[in-house]
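The structure appears right after this line, and notes come after that.
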Amino acid sequence: MRGQLLNAIDNYLLGYSTRQQLEDWLIANLQSILNSGDQIAIEIANNIDADFVEFDEGLLDELTLRDRLQKYFSDAPRAQTIAP
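Number 571 in my numbering belongs to position 73 of the sequence shown; there are no gaps in the numbering.
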């Protein structure tokens, strides 16, 4: 799920999707992320969810939201592939 979450963030940051599409994706996939047990993905998803609440309440502007999403994307460890 972490890879899918990071792809959704990246698509927004690159302009391939809107903020609303990212928010809709997160809402639709939040339970799967929580069930995945991936603590990093869970933390990122929870942070983004809180950021969307702040954005919707007018406490964050779009630029600040984008900056936060960029930080989550940049700081997130990528899943390691284990060679046989």
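Ideal Cβ placement from N, Cα and C applies to all residues, glycine included.
- L567 is classed as buried because its beta carbon has at least 16 other beta carbons within 10 Å across all chains shown.
- Below 8 Å, too few C-beta pairs join the segment 534-542 and the segment 516-526 to call them touching: fewer than three.
- Of the candidates T516, S534, P575 and N533, T516 places its Cα closest to the Cα of E560.
- With a minimum length of 4 residues, the unbroken runs of alpha helix (DSSP H) contained wholly in the segment 505-539 fall at 517-534.
- In this structure, the CA atom of N533 is about 26 Å from the CA atom of R564.
- F571 is a Cβ neighbour of D508, given a cutoff of 8 Å.
- With respect to the 8 Å criterion, I531 and L511 are not classified as neighbours on the basis of their beta carbons.
- With a beta-carbon spacing of about 16 Å, L528 and D554 fall beyond the 8 Å limit used to define contacts.
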